[in-house]
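Those protein sequences? They're chains A and B, same order as listed.
Reading the first sequence from the start, the letters are residues 1 to 412 in my numbering.
Reading the second sequence from the start, the letters are residues 413 to 1052 in my numbering.
Below: the structure, in structure tokens.
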Amino acid sequence: MSFSERWAIDRRLVSATLVLSLFGIAMIYSAGQLQVPNEVTHGAWILQLQWFLVALLTFTVVSRIPVPWIEWAAHPIYVLGVVLLGLTLIIGEGRGTAVGVKSWIRLGGFGFQPAEIAKIATILWLAQILSERDRPLRTLRELVKPGAIVALPLGLVMLQPDLGTALAFVGILFAMLYWAATPVWLLTLIASPVVGLFLAYDTAVWSAYILIVIACMILFFRSRLFLFESVALVLANFASATLARPLWNSLANYQRNRILVFLDPEVDPRGAGYQVIQSKVAIGSGEFWGQGFTLGAQKRLDFLPTQHTDFIFSVIGEELGFVGTSLAILLFGYVLTRLVRLAAVSESSFAGLSLLGIFGAWLVHVLVNIGMTAGVVPVTGIPLPFVSYGGTFLVTSWLAVALAVRLSHERI
Amino acid sequence: MRLYHPRALRRRAKGLVFATGVVLAALIIAFFRLQVLQSDDWVLRASSNRVRVLPIPAPRGTIYDRNGVIIADNVPGYSITVLPGPVDSVRATLTRMSEHIELSDREIEQVLARLRRFGREVVIDSDADFDAVSKIEERRSDFPGVYIDMRPRRRYNLGVSGAHLTGYVGEITADELEMEMFPDSVYSPGIIVGKIGIERQYESRLQGRQGVRWVEFDARGRIVGDFAGVERTAAIEGEDLHLNLDFGLQQWIHRIFPDSMSGAVVALDPKDGGVLALYSAPGYDPNAFVGGIDTEAWAGLNENEQKPLFNRSVLGLYAPASTWKLASAGIALDAGVVTPDEVMPDPCEGQWYWGNRFWGCWDRQGHGYNTLAEAIGNSCDVYFYQLGLRLGLQRLLDRSTDIGFSQQCGVDLPQESRGIFPEGPQFWQELYGYRPTEGEALNLAIGQGPNSQTPLKMAQFYVALARNGSAPAPVIAKGVAISEGWQLDLAREHIASLREGLRMVTAPGGTAHFGTTLEHWEVIGKTGTGQNPLSVRGLAQDHAWFAGMAGPPGKSPEIVLVAIVEYGESGGQVAAPIVAKAADYYLRSKHGIPIDTIQTYREHILRGPVPQWYRDRFPRGITTEAQEQAGLTPAAEGGS
């Protein structure tokens, strides 16, 4: 085996993620450069650098594990992930600005977030299940098993409650189902009760919506007879509409505020809308070229919320301007499309599905995290891959990179 | 493997790449809007986020007395200000602060309401003491959005004795901001303005212009430093103000005024009408108002039955009683209906018959035939009845109106009462519904009837007697345009005879002799016994008046004084000594003679033998203590 074969890695993907990680460390360093004392952010970049070394080590090891081992391990890892998530609900604890969210497990001297491991585990196990099929999923009944595989960890994450991470699981499910040739209309219909949930705030709007859904069903199903699917979907839609109110009421205050504030941040500029407004102020005042690395005025005066973790992109916007933000987004676009390309050329369906799972998770992370800093999606505590401060997420992201390059280079 | 056929995969890959492209393009468009299209708005917002314009308070002008003594100045003070922020966190901050400074729950809610209303910083305490400030500074992080700065604090050196004159300052109110005298170009919420007194009268001169500084704040409302972008504009100090007032005299009057009594003392300089002292009792400490008076103290002042906030010297209206006889006399001389040396046809026999009724004199013993001076000295009512009749009602009303008895003096204070005096016969018709008869002239001539004057007004009249019959308007500040005065056409001998009458009051045998005789100065004046609603029903004593003037013996008077002591009973015993002692203080300090607390003849003989200077001046009028006691019973008091 030649050296290049032994290190058969996709240099482009690794280079791109390497650049993102180093960029992240630099921005975390900048996020700690304040005019007012803040002990948390000040030394964060050093910790992130250490985690980055751990991540590279993990990458080196995992990228050399034989693929059959990975396939074999998929199921046990999944079980382990779910058990850890369950444990989190019992012995988990919150941290930093998300004290109320029990997402950490403390092990000896340091803590980690089982949800990140569960994401990888779910991707692998779901990839295995879907790769065993030889025809596309066409009925709801066929969707039950893959749905359940994702729903279990997703539900546990929701109980923490961590809406952002839950969204990542949704991204995983849809991306992988799509790759498994599930028809787009079926995916749309699965999503319809969720959309209906949000539209249920207004009876008239919801009524119009349900009529459109039924019309679509008749249109798509007219050649075939999917009576069970049709009935189930309509019922699901009605159920979600009925549940909308109690569900809204069961939301924690801060969650409700986040949704209301997303609709209009100015309703509460000093309260729930504060983060979004401050973030937009920082990004907007970065203008085209930015205020310069470490020089962001809003950041220096501590106006940005959680600037080294969830709102790191606001620092990028303020200091590097539109040039910085658009380049960063393009870089993420490169990483995401690279995953799709690798999936498209991979010879094993397990590999392709796994890559798509990673793609789905990261797409949600990038869209929701960056989108919330610009105020185009509601604020959910979800980090930006490779860039946000956070050990577990950096290590598991690099674990995912390792899996991606390992699986995509497997030749059968 | 139809499901994962490379061609199918490529098709799905294309779809995914396309979807990713759409999503990321949407993000880039969002950032393009924020950072390129709308960036100007956000840049502006960013600077207003962290840079605030804070006022630099301007020190008010210093107020000096006639000798350059400081009446009101500024000392360094600390003010605690809170910036707008989330309601709950500001409330929490203020609650924590209430451990260090006086801040009730109600006040906290008021501050919150004002933060909401004005959307700008609100001063919580414009006069914080150093201890509280240092405690708060030690725990900076507990008080986000709070900053402490130095601001000049007003100090009134006269304290209680000058309260009504200086007035006090306080934070501008919403109502005041609407007023024309507070233009928006100078005044903004939170600024300190004069509320009453001289502080209010000369507000625009004393105010100055507040400066501005641009300060950078961090997210928790802590001042990081001056914003480099904009230069600070320095505050412009207010103009200084020099008064005609005599600081020492004002304090001396406060010292000698009977404790627990109410009343007023006015001292004017006959040379120019300058106000040498303007005192009202009881007073209050204007320093307590600086930085906001607490509600309890305010209620105490407001509910006090003696009305300490009421400036009696210019607002109090009192029946002038016998002190007004000089006005009748002056008007009669001016009109030429009497001459100083003639006597009235009817002698005083204790009463006088006119118009089908008897008109009594205060002294039933009668005074016989009196010249004008004697009539003043005796305060003989019968003489003045006849004088009033000669003058005639119409002429008395006209001339009294000419010399302003129904007007204000026009003193430079924001508030002054008009005297109450009929301007014509319609006065009776409007008020009582009848045409006045000539008999009204009899009452008015002796200072009775519908006649109420302020102590300041009476002092202004006596200034005319201390001069040549002309009276400039009293004025507190130096170098300001003076309101027009008035003039009585009196010859030298007229003035001399009026003063001779006043001299009789304080000469041996006069009712005010013991309390007004001084070693170095001659005090002359008129007592008065002012009836009031309580005294006419026998529920209280009359008000005690003394109006007079003083100067070196044989020379023109250098100070005119009026004192009224409410329910003081005796003008000669209670009001006159105040006038004499105040005059003594003023003249001694003016002529460089050391001040002594034993001033009047009475004070001397109550403490020891008859002093030599008295023996020299009044060789035949030596009176013992026993005689003094006997001779000064209220029954012997003149006038009514």
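We put the beta carbon where it would ideally sit given N, CA and C, even for glycine.
This one's a predicted model, so the numbers in the text were calculated from it and none came from an experiment.
By alpha-carbon distance to A442 (chain B), the top candidate from A:F359, A:A121 and A:G321 is A:G321. The Cβ of T41 (chain A) sits no closer than 8 Å to any Cβ of chain B. The beta-bridge partner set that DSSP reports for A924 (chain B) is empty.
Listed along chain B are L446 and W454, each with a C-beta nearer than 7 Å to that of K280 (chain A). Comparing C-alpha distances from Q619 (chain B) to each of B:I635, B:D630 and B:G582 shows the shortest one belongs to B:G582.
The residue among B:R949, B:S812 and B:K890 with its C-alpha nearest the C-alpha of M870 (chain B) is B:S812. Sequence-distant Cβ neighbours of G927 (chain B) in its own chain, meaning closer than 7 Å and more than five residues away, are G984, Q985, A988, P989, A992, T1012 and R1014.
Less than 8 Å separates the beta-carbon of R724 (chain B) from that of S674 (chain B). Contacts between D630 (chain B) and chain A, judged by CB atoms closer than 9 Å, involve L34, Q35, V36, R300, L301, D302 and F303 in chain order. Taking 7 Å as the Cβ-Cβ cut-off, the region 499-519 of chain B has no residue approaching chain A. Within the same chain, Cβ atoms closer than 7 Å to the Cβ of W206 (chain A) are found at G196, L199, A200 and A241, the five residues on either side in sequence being excluded. In its chain, beyond the 5 residues on either side, F359, W362, L363 and V366 have a beta carbon closer than 8 Å to the beta carbon of L336 (chain A). In this structure, the straight-line span from the alpha carbon of S947 (chain B) to that of E978 (chain B) is close to 11 Å.
Linking D658 (chain B) to T578 (chain B) through their CA atoms gives a straight-line distance of about 13 Å. Chain B has no Cβ within less than 8 Å of the Cβ of P385 (chain A). Taken through DSSP and simplified to helix, strand or coil, L515 (chain B) comes out as coil. Q307 (chain A) carries a coil assignment under DSSP once its states are collapsed to helix, strand and coil. Between I858 (chain B) and N880 (chain B), the CB-CB gap reaches or exceeds 8 Å. Across the structure, S740 (chain B) and A676 (chain B) are spaced so that their CA atoms are roughly 23 Å apart.
Against G352 (chain A), the close residues of chain B are Y416 and L421, in the order they occur along the chain (beta-carbon pairs closer than 8 Å). In this structure, Q275 (chain A) sits away from E318 (chain A), with a CB-CB distance that is not shorter than 8 Å. If you keep only unbroken beta strand (DSSP E) runs of at least 3 residues inside the region 741-798 of chain B, you get 763-766 and 769-772.
Where M961 (chain B) is concerned, the enclosing beta strand (DSSP E) starts and stops at H955 to G963.
By a beta-carbon distance limit of 8 Å, S21 (chain A) contacts F52 (chain A). Their separation comes to about 6 Å.
A residue is called buried when at least 16 other Cβ atoms come within 10 angstroms of its Cβ; Y614 (chain B) meets this threshold and is buried.
Here E549 (chain B) has I560 as same chain residues with Cβ atoms under 7 Å from its own Cβ, once five neighbours each way along the sequence are excluded. In this structure, the CA atom of A919 (chain B) is about 37 Å from the CA atom of Y476 (chain B).
It is roughly 15 Å from the alpha-carbon of V726 (chain B) to the alpha-carbon of R612 (chain B).
With respect to the C-alpha of L49 (chain A), the residue from A:I149, A:V40, A:G284 and A:I28 having the closest C-alpha is A:I28.
Taking 8 Å as the threshold, the shortest C-beta distance from L524 (chain B) to chain A does not fall below it. With fewer than 16 other beta carbons inside 10 angstroms of its own, D901 (chain B) counts as exposed.
A180 (chain A): not part of any alpha helix (DSSP H); DSSP gives it neither H nor E. Looking from the CA of P146 (chain A), the closest CA among A:A127, A:V157 and A:P161 belongs to A:A127.
Residue environment: M591 (chain B) is assigned as exposed (fewer than 16 neighbouring CB atoms within 10 Å of its CB, all protein chains considered). Counting along the chain, the unbroken alpha helix (DSSP H) around M158 (chain A) starts and ends at L140 to L159. At a C-beta separation below 8 Å, F659 (chain B) has no neighbours in chain A, since its nearest C-beta there lies roughly 50 Å away.
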